[in-house]
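Contents: one structure, followed by commentary.
2 protein chains.
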Amino acid sequence: MTDGETQLIEAARQRLGPKAVVTDPREIEPWTTDWRGRVHGAAPAMLSPASTDEVVEIVRLAAELRVPLVPQGGNTGMAAGATPPADGSAILLSMRRMNRIRSLSAENRVAVAEAGVVLATLHDAAHEIGMRFPLTLGARGSCTIGGLTSTNAGGTQVLKFGTMRSLVAGVEAVLSDGSVHSGLSGLKKDNRGYSIDQLLIGAEGTLGVITAVALRLVPAVAARAVAWAAVESPERALDLLRFLEARTSAIEGFELVPEDSLALVLKHVPNTRAPLTGEHRWHILVESATADAQHDIGAELERLLGLALQQGIIGDAALASNEAQAEAFWKLRDSISEAERAEGQTLAHDISVPVADMPRFIVDASAEVERRFPGVIASGFGHLGDGNIHFHVRAGSHAAADWYSQEGEAITRFVDDLVTAAGGSISAEHGVGQLKRAEFARLAPPGRIHALRAIKQALDPLGIMNPGKLVP
Amino acid sequence: MTDGETQLIEAARQRLGPKAVVTDPREIEPWTTDWRGRVHGAAPAMLSPASTDEVVEIVRLAAELRVPLVPQGGNTGMAAGATPPADGSAILLSMRRMNRIRSLSAENRVAVAEAGVVLATLHDAAHEIGMRFPLTLGARGSCTIGGLTSTNAGGTQVLKFGTMRSLVAGVEAVLSDGSVHSGLSGLKKDNRGYSIDQLLIGAEGTLGVITAVALRLVPAVAARAVAWAAVESPERALDLLRFLEARTSAIEGFELVPEDSLALVLKHVPNTRAPLTGEHRWHILVESATADAQHDIGAELERLLGLALQQGIIGDAALASNEAQAEAFWKLRDSISEAERAEGQTLAHDISVPVADMPRFIVDASAEVERRFPGVIASGFGHLGDGNIHFHVRAGSHAAADWYSQEGEAITRFVDDLVTAAGGSISAEHGVGQLKRAEFARLAPPGRIHALRAIKQALDPLGIMNPGKLVP
Numbered sequence: 006m007t008d009g010e011t012q013l014i015e016a017a018r019q020r021l022g023p024k025a026v027v028t029d030p031r032e033i034e035p036w037t038t039d040w041r042g043r044v045h046g047a048a049p050a051m052l053s054p055a056s057t058d059e060v061v062e063i064v065r066l067a068a069e070l071r072v073p074l075v076p077q078g079g080n081t082g083m084a085a086g087a088t089p090p091a092d093g094s095a096i097l098l099s100m101r102r103m104n105r106i107r108s109l110s111a112e113n114r115v116a117v118a119e120a121g122v123v124l125a126t127l128h129d130a131a132h133e134i135g136m137r138f139p140l141t142l143g144a145r146g147s148c149t150i151g152g153l154t155s156t157n158a159g160g161t162q163v164l165k166f167g168t169m170r171s172l173v174a175g176v177e178a179v180l181s182d183g184s185v186h187s188g189l190s191g192l193k194k195d196n197r198g199y200s201i202d203q204l205l206i207g208a209e210g211t212l213g214v215i216t217a218v219a220l221r222l223v224p225a226v227a228a229r230a231v232a233w234a235a236v237e238s239p240e241r242a243l244d245l246l247r248f249l250e251a252r253t254s255a256i257e258g259f260e261l262v263p264e265d266s267l268a269l270v271l272k273h274v275p276n277t278r279a280p281l282t283g284e285h286r287w288h289i290l291v292e293s294a295t296a297d298a299q300h301d302i303g304a305e306l307e308r309l310l311g312l313a314l315q316q317g318i319i320g321d322a323a324l325a326s327n328e329a330q331a332e333a334f335w336k337l338r339d340s341i342s343e344a345e346r347a348e349g350q351t352l353a354h355d356i357s358v359p360v361a362d363m364p365r366f367i368v369d370a371s372a373e374v375e376r377r378f379p380g381v382i383a384s385g386f387g388h389l390g391d392g393n394i395h396f397h398v399r400a401g402s403h404a405a406a407d408w409y410s411q412e413g414e415a416i417t418r419f420v421d422d423l424v425t426a427a428g429g430s431i432s433a434e435h436g437v438g439q440l441k442r443a444e445f446a447r448l449a450p451p452g453r454i455h456a457l458r459a460i461k462q463a464l465d466p467l468g469i470m471n472p473g474k475l476v477p
Numbered sequence: 006m007t008d009g010e011t012q013l014i015e016a017a018r019q020r021l022g023p024k025a026v027v028t029d030p031r032e033i034e035p036w037t038t039d040w041r042g043r044v045h046g047a048a049p050a051m052l053s054p055a056s057t058d059e060v061v062e063i064v065r066l067a068a069e070l071r072v073p074l075v076p077q078g079g080n081t082g083m084a085a086g087a088t089p090p091a092d093g094s095a096i097l098l099s100m101r102r103m104n105r106i107r108s109l110s111a112e113n114r115v116a117v118a119e120a121g122v123v124l125a126t127l128h129d130a131a132h133e134i135g136m137r138f139p140l141t142l143g144a145r146g147s148c149t150i151g152g153l154t155s156t157n158a159g160g161t162q163v164l165k166f167g168t169m170r171s172l173v174a175g176v177e178a179v180l181s182d183g184s185v186h187s188g189l190s191g192l193k194k195d196n197r198g199y200s201i202d203q204l205l206i207g208a209e210g211t212l213g214v215i216t217a218v219a220l221r222l223v224p225a226v227a228a229r230a231v232a233w234a235a236v237e238s239p240e241r242a243l244d245l246l247r248f249l250e251a252r253t254s255a256i257e258g259f260e261l262v263p264e265d266s267l268a269l270v271l272k273h274v275p276n277t278r279a280p281l282t283g284e285h286r287w288h289i290l291v292e293s294a295t296a297d298a299q300h301d302i303g304a305e306l307e308r309l310l311g312l313a314l315q316q317g318i319i320g321d322a323a324l325a326s327n328e329a330q331a332e333a334f335w336k337l338r339d340s341i342s343e344a345e346r347a348e349g350q351t352l353a354h355d356i357s358v359p360v361a362d363m364p365r366f367i368v369d370a371s372a373e374v375e376r377r378f379p380g381v382i383a384s385g386f387g388h389l390g391d392g393n394i395h396f397h398v399r400a401g402s403h404a405a406a407d408w409y410s411q412e413g414e415a416i417t418r419f420v421d422d423l424v425t426a427a428g429g430s431i432s433a434e435h436g437v438g439q440l441k442r443a444e445f446a447r448l449a450p451p452g453r454i455h456a457l458r459a460i461k462q463a464l465d466p467l468g469i470m471n472p473g474k475l476v477p
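Residue numbers (the numbering used here), protein chains in the order written: chain A, 6 to 477; chain B, 6 to 477.
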């Protein structure tokens, strides 16, 4: 422990009280390893402020003593952006005690939630007033509003409502000098200079500590319809999306699932069964929803899928006949990563290309990866309508036990090169964190890296805000 | 002219050709005075690049020679943000020759327009492919995409589709070191670091020169309905908006007009008449629109206004029976500023407060201003649903001819104090430019000014990007 760390911990204990300071390694340990268990960090202490004022105190002390802070929410990040460095040179700043929903208004359609509010808690609170926060993802029971904002999270309902960047109405954050950026005014229009809110969204804690966020709400869902459809190719899948979107504005989810991924789910995940009979090469999970109780959303989706079947866009389709079946369809989609892990070693890539180019990319990139690395199985699944898929490469059945560590980097570089050549992003929704920093540095235009470094230096001249993350 | 300016002009002439360089003062003069004719600048030359490469050339030269540039589009700004300094110490950079629509896709719902494309031109081009760019404002025949983006413009259709910040899918810009930020990839999801796109939106050219913008399109309007309604108070007006929004998602425009403003329009603007008979204190112009030709939007609006009448929310209403009448209703709203000018001296303030607080603010602030400055007439009109009104203060009939110059500053300070006390913004949609810089500096929290200056210094260390604007 450095002198600075010792002093910061002592000062925090005195000013914020013993509850705000944890130094027992056993208590800290669950929070120093990343969500996927791949990156192991260390921290001499975890500070847990309960208010914005307490965050200000900690940041001021950290600046004075030159001790870096690593802000953390639910620790569910996919890029190790909230995992402290392994050498113990930074202090963990847990935001989980800041878990108040400060306000919630159906009239204004805004919720103000502190950084540590868990997403599922916000969902429930919005539901109680007849409203809805329309972003969701697998980790909803653990991930926090601060983390979601700091990583500009996406998820399965982005198609209609966008990522966090579209859903954040304002941000409150403590900047590196201890000043508070107060963006929670709830103004719908405000043109007083650069948007610090937008700069903090997706900054992964490297420019300041987000303490609270104003979030847009939409009317609660009155009814939803979920269907499973079979298509011949990713191209046909995109045709189906265009077909549906031209006829209704109710489509909220549109997930592509290759046959191969479905087969793994059916093999490894208990209580699952295929929604359609027969063999199909590609599948689509489609969800439509409405806030209007008069709108027969099920009938609409059934009619549109019937038309699509007549026109030869899809080969077959099944509408979930009740909520349990709808959940069962979603479970098939949500279990793909789990099934892949059960099958063997898997290398995940969260990538995007322009929507119109995605069908061809999936097919071509899979073939190129399988040709270049014989024996592997490559496939893409997920958010086709966002041009964002999870491009996974699995070890073949004859792969060595250390395939991942031996081959992983070369395969990832190959995939990232293909994505870059296609004008895409090597981080569509997971962020850069620690895990993608080297690839980001390798592939980004120099001007971009230069601009990012200049902004980082301007707003965090002492380098105390989540060092070693995002900015190469 | 400084040596640097002379060298820059000469070098630009050689490298970009004589067409790109104008030095005749008579040709430059229309572009050195702001839209409202209040701020008079000067520039020894106006450079008009025709491509991004030419902008790069100019910016590199300007950086080398330390000559500031003032980017300009249609010169329709309301805050003199594109007017050069009066001492001739900067060169005008006109973007009007960069007027190509690079691409336009109904399938991808994106248009890529160069900075100098006029808004009305984009409207027409989108319409031709069955799509629509859903932002519009009075200056649509002159204002450009680059200026709209640089000022995060709003307008009369923000309620449903948001300001430019929501409609921009990506920005291409030349940064102060001559590097090109290329954000036009059209990716719907991209989490590779801080959003330079969002930083450039609303930056008023102080961080770089926007050369092209990717813009979201929506399906073309199949039908619209326009109605005029009378309400007792701004509170009732907001009640009406909530009432409508709870029952339809088709409301796109919702403009508040005080009786006093309507009376001025009827008095001064030819060929206008009141939509309703009888005396009413406040009026609402409401527009709903649909992309679905099956949806009888007129019948829906008529039915909803009928219900609102029954429930006592409104006192009377008239649905425009055809497109000519719809245009006539909009003309009443759009002519308010013109009518005020015809009546006498007027002081304009573009302000916002939280939507729910706006009704009370309009009433209370008007009363306070009229009490503090006896004889003046204060009123608010405009985008009630955005919490953004144009709060205008008119000279009374006995005011001196120099009322504006004598009293204007004190009244504006008083209004800005009221707005700030209400947690609002002194620049809702017009930006800061030159005109609001002093008030911004006076009223913004010091931390905010510090952060803005740090970002400006980081991305424009030589201070060549539109100096003297926005950042105090």
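Here a beta-carbon is modelled for each residue, glycine too, at the ideal position from N, C-alpha and C. Just so you know, these numbers come straight off a predicted model, no measurement behind them.
Can you tell which of the options has the C-alpha that lies nearest to the C-alpha of residue i?
| i | options | result |
| --- | --- | --- |
| His395(A) | Ser293(A), Glu444(A), Val420(A) | Val420(A) |
| Ala325(B) | Pro472(B), Ile302(B), Glu112(B) | Ile302(B) |
| His45(A) | Ile33(A), Ala55(A), Ser53(A) | Ile33(A) |
| Leu52(B) | Leu66(B), Ala449(B), Met83(B) | Leu66(B) |
| Arg170(A) | Pro280(A), Ala178(A), Val218(A) | Val218(A) |
| Ile469(A) | Trp36(A), Glu332(A), Asp182(A), Ile215(A) | Asp182(A) |
| Arg338(A) | Pro359(A), Arg102(A), Gly258(A) | Gly258(A) |
| Trp36(A) | Gly311(A), Asp92(A), Ser99(A) | Ser99(A) |
| Phe378(A) | Ala415(A), Thr351(A), Asp355(A) | Ala415(A) |
| Glu211(B) | Arg278(B), Gly436(B), Arg447(B) | According to the sequence shown, residue 211(B) is Thr rather than Glu. Taking only the C-alpha atoms, the option nearest Thr211(B) is Gly436(B). |
| Arg252(B) | Asn276(B), Leu310(B), Ile382(B), Gly438(B) | Leu310(B) |
| Ala296(B) | Arg286(B), Ile289(B), Leu312(B), Pro224(B) | Pro224(B) |
| Ala120(A) | Val60(A), Ala85(A), Ile319(A) | Val60(A) |
On the three-state DSSP scale, how would you describe residue i?
| i | result |
| --- | --- |
| Ile469(B) | coil |
| Ser99(B) | strand |
| Ser410(A) | helix |
| Ala120(B) | coil |
| His354(A) | strand |
| Met363(B) | helix |
| Val60(B) | helix |
| Gln330(A) | helix |
| Trp233(A) | strand |
| Phe378(A) | coil |
| Thr136(B) | Looking at the sequence itself, residue 136(B) is Met, so the reference to Thr does not match. Strand, per DSSP. |
Buried or exposed for residue i, going by 16 or more other Cβ atoms inside 10 Å?
| i | result |
| --- | --- |
| Gly479(B) | No statement about residue 479(B) is possible, as the shown extent of chain B runs from 6 to 477 and does not include it. |
| His403(A) | exposed |
| Pro30(B) | exposed |
| Pro450(B) | exposed |
| Ala242(B) | buried |
| Arg376(A) | exposed |
| Lys474(A) | buried |
Since residue i and residue j are thought to touch, with beta carbons under 8 Å apart, how far apart are those beta carbons, to the nearest angstrom?
| i | j | result |
| --- | --- | --- |
| Arg105(B) | Leu222(B) | About 17 Å; that fails the 8 Å criterion. |
| Gly82(B) | Thr156(B) | 6 Å |
| Leu124(A) | Leu153(A) | 6 Å |
| Lys193(A) | Asp391(B) | 5 Å |
| Pro477(A) | Ile454(A) | 6 Å |
Quick one: is residue i near chain E, going by C-beta distance under 8 Å?
| i | result |
| --- | --- |
| Pro359(A) | This model lacks chain E altogether; the protein chains it does include are A and B. |
Cβ pair count under 8 Å reaching 3, the stretch 334 to 351 of chain B against the stretch 259 to 277 of chain B: yes
Could you check whether the stretch 422 to 442 of chain B touches the stretch 187 to 206 of chain A, counting it as contact only if at least three pairs of C-beta atoms, one from each stretch, sit closer than 8 Å? yes
Flag this pair as touching only if the stretch 314 to 330 of chain A and the stretch 346 to 361 of chain A have three or more C-beta atom pairs under 8 Å; answer yes or no. no
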